[in-house]
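Read the structure below first, then the notes.
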Amino acid sequence: MYVLECADKTLYTGYTTDIDRRLKTHNAGKGAKYTRSRLPVKLLYTETFSSKQEAMSAEALFKKRKSRQEKLIYIREHQVSLKKKG
Numbered sequence: 009m010y011v012l013e014c015a016d017k018t019l020y021t022g023y024t025t026d027i028d029r030r031l032k033t034h035n036a037g038k039g040a041k042y043t044r045s046r047l048p049v050k051l052l053y054t055e056t057f058s059s060k061q062e063a064m065s066a067e068a069l070f071k072k073r074k075s076r077q078e079k080l081i082y083i084r085e086h087q088v089s090l091k092k093k094g
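Just so we're aligned, residue 9 is where the sequence shown starts under the numbering used here, counting upward by one.
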């Protein structure tokens with residue numbers, strides 16, 4: 009799962025097996041329709057899962073957070089916990 013910040017400060021969430029390729033695709037204007045008109049985008053957060061299904065579930069749960077602030081809190085809290093594990 010990954011989270012991008014668009015040029016208009018909105019957040020976009022998706023999943024991929026190759027984040028570098030996907031980020032380049034987004035910034036080339038060939039990614040999701042949502043990001044095409046909000047370029048450039050920058051990577052805010054990534055999280056790795058053992059299966060596509062887990063990543064899709066995490067993405068769906070993340071998108072249920074209604075406000076930008078709730079999403080940024082999730083990112084901040086999970087970046088800290090991921091650093092402690094690594």
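Using N, Cα and C, we set each Cβ at its ideal position, and we do this for glycine too.
Could you name each continuous alpha helix (DSSP H) segment of 4 residues or more that falls completely within the segment 34-71, going from the start of the chain to the end?
41-44
Short check: CB of Leu31 to CB of Thr21, under 9 Å?
no
Using the beta-carbon count (16 or more within 10 Å), is Thr43 buried or exposed?
buried
For Thr23 and Ala63, which I take to be in contact (beta-carbon distance under 8 Å), what is that distance rounded to the nearest angstrom?
Looking at the sequence shown, residue 23 is not Thr but Tyr. The Cβ separation is near 4 Å, so the contact holds.
If you run the structure through DSSP and keep just helix, strand and coil, what is Tyr20?
strand
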